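Working notes for the structure below.
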Amino acid sequence: MNILILIDQTTDPLKLFSKTLASSLAGNHSTRIVPAMDATVADWNRADCVLLGFTYSSAHPVIEIETFLASQSPENMVGKNIAIFQVQSHEDAPLSAAYGYGLTRRLGDQGVSLLGSPIVFFCDGAAAHDREGELMRVSQWTSRIVKGYIPPNLNSWRFARGN
100 MNILILIDQT TDPLKLFSKT LASSLAGNHS TRIVPAMDAT VADWNRADCV LLGFTYSSAH
160 PVIEIETFLA SQSPENMVGK NIAIFQVQSH EDAPLSAAYG YGLTRRLGDQ GVSLLGSPIV
220 FFCDGAAAHD REGELMRVSQ WTSRIVKGYI PPNLNSWRFA RGN
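Just so you know, we're using our numbering here: the sequence shown kicks off at 100 and counts up by one.
Here it is as structure tokens:
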């Protein structure tokens, strides 16, 4: 199983959460973290599952992922397995969540298979236990959402889906 973690605006918190996510998926899966501005159609086509990660604020809209998704042909979107995660400060969370759900709706209209609702991880905890708690949520989300949809044997999964 090839998993692409496509990230917008490689901020330090987003990089940290993406690396934690990638290590949670290690094992039977090949996982790559690629900034959206560097991603290619080949990266997208090779991926069996794409995890879209971003940090959203009014000062930093999600441009790179939007640009990359707009460049994909409709046939490359249909049936693609996608999950969305956001790394935010508490201050930007309401705006971010609204954007994440809007992106989910647009992707759903394009025929992708969404792996659950978008999730927001918070990066502004000053105490070490706050950061550790959010990193633990990354692992839990991976186990509950992503691994629940991606079995170790991709062929049996495709068979189960009728592909």
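Even for Gly, the Cβ is constructed at its ideal location relative to N, Cα and C. These numbers were taken from a predicted model, which means no experiment stands behind them.
May I ask you to report which of helix, strand or coil DSSP gives residue i?
| i | result |
| --- | --- |
| residue 154 | coil |
| residue 193 | helix |
| residue 124 | helix |
| residue 134 | strand |
| residue 177 | coil |
| residue 172 | coil |
Which term fits residue i, buried or exposed, when burial requires 16 or more other beta carbons within 10 angstroms of its beta carbon?
| i | result |
| --- | --- |
| residue 199 | buried |
| residue 113 | buried |
| residue 108 | buried |
| residue 137 | exposed |
| residue 117 | buried |
| residue 232 | exposed |
Taking the alpha carbon of residue i as the reference point, which residue from the options has its own alpha carbon closest?
| i | options | result |
| --- | --- | --- |
| residue 155 | 189, 207, 242, 136 | 189 |
| residue 241 | 130, 167, 174 | 130 |
| residue 177 | 143, 118, 163, 237 | 143 |
| residue 213 | 103, 148, 123 | 148 |
| residue 104 | 205, 126, 153, 222 | 153 |
Counting along the chain, where does the beta strand (DSSP E) carrying residue i start and finish?
| i | result |
| --- | --- |
| residue 181 | 180 to 187 |
| residue 168 | Element bounds for residue 168: not the beta strand (DSSP E) but the alpha helix (DSSP H), 163 to 169. |
| residue 140 | It is not in any beta strand (DSSP E) - residue 140 instead sits in the alpha helix (DSSP H) that spans 140 to 145. |
| residue 214 | First-last for residue 214: undefined, no H or E at that position. |
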